[in-house]
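The sequence shown begins at 2 in the working numbering and counts up one residue at a time.
The beta-carbon is built from N, C-alpha and C at its ideal position, and this holds for glycine as well.
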Amino acid sequence: MPMFREIVEGKARILVPVAERIYDAPVFYNPVMALNRDISVLAVRLSGAASIIDALSATGIRGIRYALETPAGEIWLNDISEEAFRLMLRNVEANFRIKPALAGKMAVLSGEKRVIVTNRDANLVMAENFRHFDFVDLDPFGSPVEFLDTALRSVKRKGILAVTATDTGVLCGAYRHACLRKYLAEPIRGELCHEAGLRILIGTVVRYAAKYDLGVDVLLAYYRDHYFRAFLRLKSGARKADESLSQLGYLWQDVNGRFEYEKAPLPGKPRAHGPLWLGPLKSQEFVEGIHRLGKEHPIAHKKTLPFLETLAGEFDIPFHYDTHALARRNGLRVGKISGIIEALREHGYRATRTHFSPTAVKTDAPFEEVLEVLKKE
Ligand code: SAM
Numbered sequence: 002m003p004m005f006r007e008i009v010e011g012k013a014r015i016l017v018p019v020a021e022r023i024y025d026a027p028v029f030y031n032p033v034m035a036l037n038r039d040i041s042v043l044a045v046r047l048s049g050a051a052s053i054i055d056a057l058s059a060t061g062i063r064g065i066r067y068a069l070e071t072p073a074g075e076i077w078l079n080d081i082s083e084e085a086f087r088l089m090l091r092n093v094e095a096n097f098r099i100k101p102a103l104a105g106k107m108a109v110l111s112g113e114k115r116v117i118v119t120n121r122d123a124n125l126v127m128a129e130n131f132r133h134f135d136f137v138d139l140d141p142f143g144s145p146v147e148f149l150d151t152a153l154r155s156v157k158r159k160g161i162l163a164v165t166a167t168d169t170g171v172l173c174g175a176y177r178h179a180c181l182r183k184y185l186a187e188p189i190r191g192e193l194c195h196e197a198g199l200r201i202l203i204g205t206v207v208r209y210a211a212k213y214d215l216g217v218d219v220l221l222a223y224y225r226d227h228y229f230r231a232f233l234r235l236k237s238g239a240r241k242a243d244e245s246l247s248q249l250g251y252l253w254q255d256v257n258g259r260f261e262y263e264k265a266p267l268p269g270k271p272r273a274h275g276p277l278w279l280g281p282l283k284s285q286e287f288v289e290g291i292h293r294l295g296k297e298h299p300i301a302h303k304k305t306l307p308f309l310e311t312l313a314g315e316f317d318i319p320f321h322y323d324t325h326a327l328a329r330r331n332g333l334r335v336g337k338i339s340g341i342i343e344a345l346r347e348h349g350y351r352a353t354r355t356h357f358s359p360t361a362v363k364t365d366a367p368f369e370e371v372l373e374v375l376k377k378e
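Right under this line is the structure:
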């Protein structure tokens with residue numbers, strides 16, 4: 002029998018197994034992901050989603066927070082593990098003070114909110130609920146690819162698909178063949194690997210969605226704590242799918258750190274990285290909206306609001322220059338990032354920090370200009 006302890010996150014009180022390391026626990030709970038869950042709760046609130054599935058739920062924390070902290074009326078929690086199912090039931094009962102009615106591998110709580118807890122393969126649950134959910138949340142161990150098809154069928158055609166990927170080693174090029182297998186994309190190593198990995202993930206969803214004549218708008222996508230997260234608004238229609246596909250392309254980088262990218266169905270020259278998404282990584286309205294909501298909401302992680310502020314202030318242009326990497330590649334000393342950003346702005350360019358790295362800058366200045374500024378600062 003595992004030992005449990007109670008934790009509080011947002012408005013939820015959750016029993017989690019006691020274990021020395023989080024991956025040894027019989028049911029998974031990672032306190033670091035409170036920031037991911039905070040942002041997700043805010044995204045649900047802002048979008049007004051009424052029906053949600055937390056398809057890979059573990060302790061139930063995510064779905065229970067959606068039920069307690071958003072106006073959503075119907076929330077599904079699912080996990081394939083029987084131990085997780087039993088724990089989800091206990092946690093639902095404790096938070097709503099009603100015992101869910103259990104029938105086999107499903108339990109339903111019918112109160113003010115309808116909370117449905119299931120113990121099945123997520124692909125089966127999603128396949129059986131065709132175009133049912135306003136918000137589908139995939140938060141797997143590793144890659145979400147094995148769930149993308151059914152998720153895209155179970156989300157409404159203008160709904161939101163939220164995906165986490167924790168296989169950053171794969172998407173960032175440490176395991177190139179795994180990236181080719183899972184994402185059919187060539188990853189990049191080095192300072193651009195995280196942004197490129199995030200864009201490969203989005204590009205993959207865009208390709209899967211196109212099969213169903215669905216386009217994709219990126220509401221928000223980010224990298225943090227060794228995971229990627231994307232909130233994607235679907236758009237119905239073949240033309241929308243074509244428009245999204247036209248935002249895919251390739252990236253090149255040389256030894257000095259100069260990069261270029263091109264929107265094209267196939268790479269125009271060798272040594273290309275991709276295909277990857279070259280469109281926006283955020284809707285400014287959406288990020289500012291969740292940031293505003295976050296100021297009046299019980300936020301669980303102390304970094305959530307500062308992180309949203311960084312995201313809101315970030316210049317949304319593909320890729321960035323990491324000043325440390327550029328200095329190393331070109332035999333330069335590295336100056337302060339704030340001075341470099343200021344100098345680029347004085348030269349008439351846009352330049353901001355980026356959440357991808359504390360030493361990097363997003364700018365529309367050409368590579369030579371960035372190097373010149375780096376030499377002077
Ligand atoms: N969403 C949770 C949270 O925020 O705390 C964490 C989920 S954990 C990373 C992934 C969960 O997916 C595990 O509990 C695992 O049992 C479950 N899982 C793995 N394969 C599954 C499948 N095919 N169907 C349903 N659940 C699955």
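*asked:* In whole angstroms, give me the CA-to-CA distance for Ala-26 and Arg-351.
replied: 47 Å
_If you follow the beta strand (DSSP E) that Pro-276 is in, where does it begin and where does it stop?_
274-278
*Within the present structure, is the beta-carbon of Ser-82 separated from the nearest heavy atom of the ligand SAM by less than 7 Å?*
yes
*8 Å contact criterion, which Ile-76 and Ala-68 should meet: CB distance rounded*: 5 Å
*Okay, do the region 336-343 and the region 209-217 touch, 3+ Cβ pairs below 8 Å being the bar?*
no
*Would you decide whether Gln-248 is buried or exposed? Buried here means 16 or more other CB atoms lie within 10 Å of its CB.*
buried
*asked:* Rounding to the nearest angstrom, what Cα-Cα distance links Arg-121 and Thr-151 in this structure?
replied: 14 Å
*N-terminal and C-terminal residue of the alpha helix (DSSP H) that Phe-86 is part of*: 83-97
*Rounded distance between the beta-carbons of Ile-291 and Ala-73, thought under 8 Å*: Ala-73 to Ile-291, Cβ: 15 Å. No contact.
*Going along the chain, which unbroken runs of the beta strand (DSSP E) with 3 or more residues stay wholly within the region 232-308?*
249-254, 260-264 and 274-278
*Could you give the DSSP three-state label for Ala-73: helix, strand or coil?*
coil
*Whole angstroms is fine: what's the gap from Gln-285's alpha carbon to Ala-313's?*
7 Å
*Roughly how many angstroms lie between the CA atoms of Ala-326 and Arg-225, to the nearest whole one?*
19 Å
*For the beta strand (DSSP E) that Leu-218 lies in, which residues bound it at each end?*
With the sequence shown as reference, residue 218 is identified as Asp, and Leu is not the correct amino acid for it. It spans 215-225 - the beta strand (DSSP E) in which Asp-218 sits, taken as one unbroken run.
*What residues in its chain sit with their C-beta under 6 Å from that of Glu-289, if we drop five residues either side in the sequence?*
Ala-313
*asked:* Give me, in chain order, the residues of the same chain whose beta-carbon lies closer than 8 Å to that of Ala-328; leave out the 5 immediate sequence neighbours on both sides.
replied: Arg-334, Val-335 and Leu-375
*Should Thr-60 be listed as close to the ligand SAM, given that the test is whether its C-beta is under 7 Å from any heavy atom?*
yes
*Give, in chain order, every unbroken run of the beta strand (DSSP E) that is at least 3 residues long and sits entirely within the region 121-164.*
134-139
*CA-CA distance, Gly-269 and Lys-159?*
34 Å
_the region 296-312 touching the region 231-249, judged by at least three CB pairs closer than 8 Å_ = no
*asked:* Is there a Cβ of chain C sitting closer than 8 Å to that of Ser-155, yes or no?
replied: The structure shown has no chain C; it contains just one protein chain.
*Would you give the residue range spanned by the alpha helix (DSSP H) that Ala-352 belongs to?*
Where Ala-352 is concerned, there is no enclosing alpha helix (DSSP H), although the beta strand (DSSP E) it sits in stretches over 352-355.
*Out of curiosity, what's the CA-to-CA distance linking Asn-31 and Asp-323?*
30 Å
_Nearest neighbour of His-356, chosen from Phe-97, Ala-95, Leu-193 and Phe-5 [CA to CA]_ = Leu-193
*Spatial distance of Leu-172 from Leu-306 (CA atoms)*: 27 Å
*For His-321 versus Lys-363, is the C-beta distance shorter than 8 Å?*
yes
_So, with DSSP's three-state summary, where would you put Asn-79?_
strand
*Burial state of Asp-243, where buried means 16 or more other Cβ atoms lie within 10 Å*: exposed
*Give the single residue among Ile-338, Val-33, Gly-204 and Arg-87 whose Cα lies nearest to the Cα of Leu-252.*
Gly-204
*Given Gln-110, which residues of its chain have a CB within under 7 Å of its CB, disregarding the five upstream and five downstream residues?*
Going by the sequence as given, residue 110 is Leu instead of Gln. So the qualifying residues of the chain are Val-93, Phe-97, Ile-99, Pro-101 and Val-116.
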